Amino acid sequence: MAAPKPQAVVVGGSIAGLSCAHALISAGWRVTVFEKSASPPDGSPTGAGLGLDPQSLRLLSQWISDPHLLQDVTFPLSIDLNRLTDSGTKASRTLTRDEDFDFRAAHWADLHSILLRTLPPDTVLWGHQFLSFEVSDGRSSVVTNARVLRTDEIIGIASDLVVAADGCLSSIRRRLFPDSKLSSLTVKVSDSMIEMMHEEADKIWVPELARVMKATKEPFINIIYDSDPLPKLFRDNVVLVGDAAHPTTPHGLRSTNMSIQDAAALGCCLEKWGWENLSSALEEYQSIRLPVISKQVLHARKLGRIKQGLALNCGSTFDPTTARQEECLQLQQRNMPYFEGVPITSDITLPSKQIGS
Ligand SMILES: Cc1cc2nc3c(=O)[nH]c(=O)nc-3n(C[C@H](O)[C@H](O)[C@H](O)COP(=O)(O)OP(=O)(O)OC[C@H]3O[C@@H](n4cnc5c(N)ncnc54)[C@H](O)[C@@H]3O)c2cc1C
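Read in our numbering, the sequence shown has 302 at position 319, and its numbers run on one by one without any break.
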């Protein structure tokens, strides 16, 4: 008789959670995902879009198995352009332009939909809000408790591993690392900017929309979180992935790529060590991912500060109107640490490769 498969509970059914479900199932695990949203998204392609790097595209196409699916919902992001526009004269000038940029863009809902469709049915339990977990005395298993939102019933599932993919406000991260702090890079918009927006609204938008804009007390709420890199990525049988492991600013196009690469690394380590050696697998996952994500989070933070005109560590600020060519080059995405690809296990480094190639 075949040995029973090890079981994982994943908390959070967005990109990191579904990527982990794929990676762990490929590694021979049974996976249940708790997601608090009542049902799968309806697929409407809203949001700013996700910039996917060549390595993430390659990993996704391995999980999704039909590369055309991914090709169909992504479009080339082939130029990395930084421009400066004078808000008064509307004149604009190119600061940097990289035409050798082979990312692809996807709407969150499209990528989510194909990751979901290609999982075994019933992998995701919708409307299940994670509440707590308890690690057994011998640390051989962990019970995860969730509220079924439709009935208010509390259920518990025992598993060998819990994967926290519950996003940047992760309650699991807060429990494992109570000292970790989220910082916000959100810049307060000045009253004069809001006044200017109201004046423009009358000229540009239909009167109904201009009225709504003027009636809105705080028209710009766009909270950007990041956090100093964590000292560890797991404790006992509970491991962090995605934004739960590394809240990061969007300026480096990293959060989704890091989530996909976390999932791939976790799956490879679990497969390599087998569930009997879970702590070795998690140690290896942490030793591969911590150096990468720490550098990428800090670089994304620096890019954010440059682009928002905030003081850098050296005390100076980036002034795009006077910056020299060499200074502007630091805006390019290709300066991101590990831009050419990240290690996925300590044995294998996946080369960067475009899908379909
Ligand atoms: C609807 C949506 C649209 C997005 N659109 C964009 C975009 O256009 N551009 C962009 O750059 N990024 C976008 N993002 C963010 C992007 O997906 C993430 O930054 C990145 O992919 C890392 O994903 P994640 O799975 O770690 O975190 P998230 O995408 O934040 O997902 C966390 C998941 O955990 C679930 N969760 C949280 N707490 C609980 C709990 N207690 N119990 C059960 N489930 C819980 C949440 O409902 C959510 O589904 C979007 C995220 C979402 C959820």
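Even glycine gets a Cβ: it sits at the ideal position worked out from N, Cα and C. Just so we're clear, the structure is a prediction, and the values are computed from it rather than from any experiment.
Practice item. State the Cα-Cα distance for the pair threonine 15 and serine 167, rounded to the nearest angstrom. Key: Rounded to the nearest angstrom, the two C-alpha atoms are 32 Å apart.
Check your understanding: Would you report the Cα separation of lysine 336 and proline 37, rounded to the nearest angstrom?
Key -> Only weak support exists for where lysine 336 lies, its pLDDT of 42 falling under 50; the value from the coordinates is given anyway. Straight-line measurement puts the Cα of proline 37 at about 5 Å from the Cα of lysine 336.
Check your understanding: Alpha carbon to alpha carbon, how far is serine -3 from arginine 156?
Key -> Just so you know, the alpha carbons of serine -3 and arginine 156 end up roughly 17 Å apart.
**Study point:** ligand 1 heavy atom lying under 7 Å from the CB of serine 61
**Key:** Remark: the shortest separation between the CB of serine 61 and any heavy atom of ligand 1 does not fall under 7 Å.
Practice item. Check whether the Cβ of alanine 6 sits closer than 7 Å to any heavy atom of ligand 1, and report yes or no. Key: Taking 7 Å as the cut-off, one finds no heavy atom of ligand 1 near enough to the beta carbon of alanine 6.
Practice item. Let me know if proline 214 comes out buried or exposed under the rule of 16 or more other beta-carbons within 10 Å of its beta-carbon. Key: The Cβ neighbour count for proline 214, taken over all protein chains shown within 10 Å, is under 16; the residue is labelled exposed.
**Study point:** Extent of the continuous alpha helix (DSSP H) run through arginine 41
**Key:** Segment 37 to 47, the alpha helix (DSSP H) holding arginine 41.
Review point. Does any heavy atom of ligand 1 sit closer than 7 Å to the C-beta of glycine -5?
Key: Taking 7 Å as the cut-off, the C-beta of glycine -5 counts as close to a heavy atom of ligand 1.
Review point. If you run the structure through DSSP and keep just helix, strand and coil, what is aspartate 302?
Key: In the structure shown, aspartate 302 falls within a coil segment according to DSSP collapsed to helix, strand and coil.
Exercise for review: Check whether the Cβ of threonine 239 sits closer than 7 Å to any heavy atom of ligand 1, and report yes or no.
Suggested key: Here the distance from the Cβ of threonine 239 to the nearest heavy atom of ligand 1 is below 7 Å.
Exercise for review: Assuming asparagine 65 and leucine 52 form a contact by the criterion Cβ under 8 Å, report the distance between their Cβ atoms to the nearest whole angstrom.
Suggested key: Not a contact, Cβ separation roughly 32 Å.
Point to revise | Limits of the beta strand (DSSP E) - the one that tryptophan 109 falls within | key: Per DSSP, the unbroken beta strand (DSSP E) holding tryptophan 109 starts and ends at 107 to 109.
Practice item. Report yes or no: do the segment 311 to 328 and the segment 251 to 259 share at least 3 C-beta pairs separated by less than 8 Å? Key: Touching, yes, given that three or more Cβ pairs across the two stretches are closer than 8 Å.
Review point. Would you report the Cα separation of leucine 192 and proline 303, rounded to the nearest angstrom?
Key: So the two alpha carbons sit approximately 33 Å from each other.
Practice item. May I ask whether a heavy atom of ligand 1 can be found less than 7 Å away from the beta carbon of aspartate 36? Key: Checking the Cβ of aspartate 36 against ligand 1 gives no.
Practice item. Could you check the C-alpha separation between glutamine 354 and serine 123 for me, to the nearest Å? Key: Outside the displayed span of the chain (-16 to 340) sits residue 354, for which this structure offers no information.
Check your understanding: In angstroms, rounded to a whole number, what distance separates the CA positions of glycine 287 and glycine 121?
Key -> Taking the straight line joining both Cα atoms gives about 44 Å.
**Study point:** Residue of Phe322, Gln308, Val(-8) minimising C-alpha distance to aspartate 149
**Key:** Considering only alpha carbons, the answer is Val(-8).
Check your understanding: Looking only at its own chain, which residues have a Cβ that is under 6 Å from the Cβ of leucine 67, when we skip the five neighbours before and after it?
Key -> Listed in chain order, the non-local C-beta contacts of leucine 67 below 6 Å within the same chain comprise Arg76, Leu78, Pro303, local neighbours out to five positions each way being set aside.
**Study point:** Unbroken alpha helix (DSSP H) run spanning isoleucine 271, endpoints
**Key:** Unbroken alpha helix (DSSP H) run through isoleucine 271: 261 to 290.
Exercise for review: Write down the C-beta distance between asparagine 220 and leucine 261 rounded to the nearest angstrom, noting that I regard them as a contact closer than 8 Å.
Suggested key: About 7 Å; that satisfies the 8 Å criterion.
Practice item. Using alpha carbons as the reference points, say which of Glu117, Arg133, Arg13, Thr134 lies closest to valine 126. Key: It is Glu117.
Exercise for review: Give me the Cα-Cα distance between serine 270 and valine 189, rounded to the nearest whole angstrom.
Suggested key: Here the alpha carbon of serine 270 sits roughly 55 Å from the alpha carbon of valine 189.
**Study point:** Local Cβ density within 10 Å of alanine 294, reported as buried at 16 or more and exposed below that
**Key:** It is exposed - the Cβ of alanine 294 has fewer than 16 other Cβ atoms within 10 Å.
Check your understanding: In its own chain, which residues sit with a C-beta less than 6 Å from the C-beta of threonine 101, not counting the 5 before and 5 after it?
Key -> Closer than 6 Å at Cβ, skipping near neighbours: Ile47.
Practice item. Mark aspartate 209 as exposed unless 16 or more other C-beta atoms lie within 10 angstroms of its C-beta, in which case mark it buried. Key: Label assigned to aspartate 209: buried.
Review point. Leaving out five residues before and five after alanine 184 in sequence, what residues of the same chain have Cβ atoms less than 6 Å from its Cβ?
Key: Only Ala193, Met196 meet the Cβ criterion.
Practice item. Round the Cβ separation of threonine 57 and alanine 88 to the nearest angstrom and send it over; I've been treating them as touching at under 8 Å. Key: The Cβ separation is near 6 Å, so the contact holds.
Review point. Measuring from the CB of glutamate 136, is there a heavy atom of ligand 1 at a distance below 7 Å?
Key: No, ligand 1 has no heavy atom inside 7 Å of this Cβ.
Exercise for review: State the CB to CB distance for the pair alanine -1 and aspartate 226, rounded to an integer number of angstroms; the pair is presumed to be in contact (CB under 8 Å).
Suggested key: Cβ atoms of alanine -1 and aspartate 226 come within 8 Å of each other, at about 7 Å.
Check your understanding: Near alanine -15, which residues of its chain fall below 8 Å by C-beta distance, leaving aside the five closest residues on each side in sequence?
Key -> No residues qualify anywhere along the chain.
Review point. Alpha helix (DSSP H) containing threonine 239: first to last residue?
Key: Where threonine 239 is concerned, the enclosing alpha helix (DSSP H) stretches over 238 to 256.
Review point. Under 7 Å from any heavy atom of ligand 1, does the C-beta of phenylalanine 217 make it?
Key: Answer for phenylalanine 217: no, Cβ out of range of ligand 1.
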